[in-house]
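Q:
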Amino acid sequence: MRDVKHKRILVTGGAGFLGSHLCERLLSDGHDVLCVDNFYTGSRENIAHLFNHPQFEVLRHDICLPLHVEVDEIYNFACPASPLHYQADPIQTIKTSVQGALHLLGLAKRLKIKIFQASTSEVYGDPHLHPQQESYWGNVNPIGLRSCYDEGKRCAETLFFDYHRQHKIPIKVGRIFNTYGPRMHPNDGRVVSNFIVQALKNEPITIYGDGQQTRSFCFVDDLIEVICRFMNSSDSLTGPINIGNPEEFKVVDLARQILRLTNSKSSLRFLPLPSDDPKQRRPNIDQAKQLLDWQPSVPLEQGLLATIAYFEKAIEQPAPQV
Ligand code: NAD
Ligand code: UDP
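Numbered per our numbering, the sequence shown spans residues 955 to 1276.
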């Protein structure tokens, strides 16, 4: 008889930044992991160290197409996450969020299993409420350059809750705020990876706008921990739950901190602010604290040092093209 605690777990987007850390964690917890990825922004390098693990399997597959597998749980992480990548092919981005959710929810319905959705703080858009709490409906432009991602993720949340109400599928919706750490793609254009790579190369640090916009940065290890706690919590806890670090920083201050930690000679270069760029973002994590007994433990400086050490090695080798 199978050990009930040992599960076969599907991780879509498992070759990406967050997905690869999640695969690693689930394997170390003793589960079988099926990583499904179309390698749009993820890479073999992110999961190469897992290839010889007897409980790890990889399937190249686009979740915009139906998937027939037998598993006990699903984590849906497939979707490009950086503005540069999700805007490169906006139709594919929205298809991944919406068609992908439909296919995976259909799979969860057939198998009667629990499914986690990697949602995002972007569902709040450029928020009028600060800090953002889960009950806030957001301020999202439906026709802008970020809409393929924001509205795709909002529609995916709707689908998750409709499948939950209509078909009684156990769901877990986590709204992830800006997360950073080793295995971010060096060319993905996100602020932490951009600034570290620029600082290490002594190239100008590209600050969009005046750098007074704020973000709250969560180290990847803290994020994976709360996602696992959430997934293993009672089925009555569906979310949406904000997951992230509530410490808030101005982008220009992040740049200065990275310059100091890398001992870099880079200058600051101010460039135009992209359209619909949210002015401030900080999660209210009261729910995660109270219901999951969790709060982030890695301070920004410690997480940045670990990420800098990763990029020092990564930029010695050419990055995989996406
Ligand atoms: P990432 O780009 O590194 O990973 C995404 C992965 O999904 C990649 O491996 C990519 O190849 C794969 N993928 C994309 N489209 C696919 C498709 N159609 N079929 C199969 N695989 C596909 O990004 P990440 O930072 O690891 O983000 C993972 C998830 O978490 C995303 O859903 C993202 O929206 C969400 N999220 C991330 C953050 C963050 O700060 N990193 C914040 C909020 C939400
Ligand atoms: N940003 C910046 N320089 C960069 C990359 C990003 O000033 O080289 C800014 C960007 O305009 C935004 C913030 O940093 O205000 C976070 O950007 P990111 O793309 O990491 O995430 P998101 O905007 O999705 O939160």
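Glycine is no exception: its CB is placed at the ideal position from the N, C-alpha and C atoms. Here the structure is a predicted model, which is why all the values come from computation and not from measurement.
1) For the candidate residues Pro-1228, Ser-1220, Asn-1141, Glu-1202, whose alpha-carbon lies nearest to that of Pro-1269?
2) Leu-1056 to Ser-1187, Cα distance in whole Å?
3) DSSP three-state call for Arg-1014: helix, strand or coil?
4) Taking the CB atoms as reference points, tell me whether Leu-1254 and Thr-1216 lie closer together than 8 Å.
5) Under 8 Å by Cβ, that's how I've got Asn-1000 and Gly-970 pegged, so tell me the actual separation to the nearest angstrom.
6) Which residue or residues does DSSP assign as beta-bridge partners of Thr-1168?
7) Taking one C-beta from the region 1018 to 1031 and one from the region 1049 to 1069 each time, how about it: are there three or more such pairs within less than 8 Å?
8) Return the bridge partner residues of Cys-989 from the DSSP annotation.
9) Mapping the DSSP letters down to three states, classify Glu-1027 as helix, strand or coil.
10) I'd like to know if the region 1259 to 1269 and the region 1197 to 1207 are in contact, where contact means that at least 3 CB-CB pairs between them fall below 8 Å.
11) Does any heavy atom of the ligand UDP sit closer than 7 Å to the C-beta of Asn-1148?
12) Ser-1075 by DSSP, collapsed to three states: which one?
13) Beta-carbon within less than 7 Å of His-1007's beta-carbon, same chain only, minus the 5 sequence neighbours each way: which residues are those?
14) Quick check on DSSP: helix, strand or coil for Thr-1216?
15) Tell me whether the beta-carbon of Gln-1107 lies closer than 8 Å to the beta-carbon of Phe-1070.
16) Would you check if the region 1157 to 1171 and the region 1108 to 1128 touch, i.e. whether three or more CB-CB distances between them fall below 8 Å?
17) Check whether the Cβ of Gln-1046 lies closer than 7 Å to any heavy atom of the ligand UDP, and answer yes or no.
18) Look at the alpha carbon of Asp-1116 and the alpha carbon of Leu-1058, and state the distance between them as a whole number of angstroms.
19) Would you say the beta carbon of Val-990 comes nearer than 7 Å to a heavy atom of the ligand NAD?
20) Quick check: the Cα distance between Lys-1243 and Phe-1171, rounded to an integer number of angstroms?
21) Distance check for Lys-1204 and Pro-1228, CA to CA, integer angstroms please.
22) Given this structure, state the Cα-to-Cα distance separating Asp-1104 from His-1084, to the nearest angstrom.
23) On the three-state DSSP scale, how would you describe Phe-1070?
24) Give the range of the beta strand (DSSP E) segment to which Lys-1126 is assigned.
25) At the level of alpha carbons, what is the spacing between Arg-1129 and Leu-1177?
A: So, from the data block:
1) Checking the sequence, you will find Ile at residue 1269 rather than Pro. For Ile-1269, the nearest C-alpha among the options comes from Asn-1141.
2) 24 Å
3) strand
4) no
5) 7 Å
6) Lys-1204
7) yes
8) Val-965, Val-1012
9) strand
10) no
11) yes
12) helix
13) Leu-981
14) helix
15) Reading off the sequence shown, one finds Lys at residue 1107, where the question assumed Gln. Not closer than 8 Å, so no.
16) no
17) no
18) 14 Å
19) yes
20) 17 Å
21) 16 Å
22) 18 Å
23) strand
24) 1125 to 1130
25) 11 Å
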